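The opening position of the sequence shown corresponds to residue 82 in the working numbering, with each subsequent residue numbered one higher. Where a beta carbon is used, it is the ideal one built from N, C-alpha and C, also for glycine. Computed from a prediction, not measured in an experiment: that's the story for all the values here.
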Amino acid sequence: MRSRRHGRSNEAPELDITAFLNLMVVLVPFLLVSAVFSRVTILELNMPTGAGGGAPDDPAITVEVVVRSDKLEISDGEQVIARFPNLNQTEADNPDAEPAADAVPPEGEATADAGLVPTREIYDLKKLSEFLLKVKANYPDKTDSIILMEPDVAYEHLVGIMDTVRGAEVRREGSDPDDPESVERVELFPDISIGDAP
C-alpha cells in the first residue's frame, strides 16, 4: 500500500492552459487592431502653480481671453481691454438679449445644437487674432496666456479659441494675395492656462 501512495505523489499535476491560450489568441489581435484607431491629439496646458513668488521686477501684461456664450473679452488681468460680440450680434445689440426664435440662419448651418456650429461661425476669431497680433507686437517676449470660459460654452469652441490664441496665419508683406505659400504661421501665446470665467 505504501508503494501505491508513494507513486501517486511523484506524479506532477498537469495544468490546463488551453483556455488561457484561446483567450490570448483572440485578445491580442483585438487589442492590436483597436490601438490603431485610438489616436488622440494632445494639447499641452500649463496649470497654475500654487507657489507664490516675489513681485516681478518688470510689470508685464497678462493676456486673458474670457469666453462667454455671447462674446469674447480680452483682459489685461485688471480690466477688459477689448470685447468682440458673437457674429450673430452687433455692437448696437443688447449683449444680454437672446437671439430671436424666428431668426433664420444661413442655409446649411446647424440650428438645434450650438455645439455643431463651427467656432469661426459663432465667435469672431479673425478680430481676436488681429488684436492678439497687436498685443504680441507690443510684448514680443510674452508667451503665456489664460483662457477663462463659462460653463455653458462647448468644448469644441474652447479648442478653436485655444488654436487662435496659440498662433495666427499672417501673409508676408508684398506677396501675392492668391499665393497660398505666402501665408506663414506666427506663434502668439502658446503657453496656455485655462480656468473658469468670473
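Beta-bridge partners of residue i, as assigned by DSSP
i	result
residue 156	145 and 161
residue 112	BP columns for residue 112 are empty, so no partner.
residue 273	226
residue 265	251
Cut-off 8 angstroms between Cβ atoms - residues of its own chain near residue i, not counting five sequence neighbours on either side
i	result
residue 109	none
Where residue i falls, given that 16 or more other Cβ within 10 Å makes a residue buried
i	result
residue 112	exposed
residue 98	exposed
residue 276	exposed
residue 105	exposed
residue 200	buried
residue 214	exposed
residue 156	buried
Supposed close pair residue i, residue j - CB separation, criterion 8 angstroms
i	j	result
residue 256	residue 146	Contact doesn't hold; Cβ gap of about 29 angstroms is too wide.
residue 232	residue 247	In fact, because the Cβ distance is near 23 angstroms, the residues do not count as touching under 8 angstroms.
residue 228	residue 148	7 angstroms
residue 266	residue 250	6 angstroms
residue 223	residue 144	7 angstroms
6 angstroms Cβ shell around residue i - same chain, five flanking residues per side excluded
i	result
residue 189	Annotation note: pLDDT 39 at residue 189 (below 50); position unreliable, coordinate value reported separately. Cβ neighbours of residue 189 beyond the five flanking positions: none.
residue 268	248
residue 154	147, 161 and 164
residue 210	245 and 249
Cutoff 7 angstroms; reference residue i; Cβ partners in own chain excluding five residues on either side
i	result
residue 94	none
residue 150	231, 233 and 234
residue 167	151, 152, 203 and 204
(message) Three Cβ pairs or more, each shorter than 8 angstroms: is that satisfied between the region 237–254 and the region 198–209?
(response) Yes, the region 237–254 is in contact with the region 198–209.
(message) With a threshold of 8 angstroms, are at least 3 pairs of Cβ atoms found where one atom belongs to the region 253–265 and the other to the region 209–229?
(response) Too few Cβ pairs lie closer than 8 angstroms, so no.
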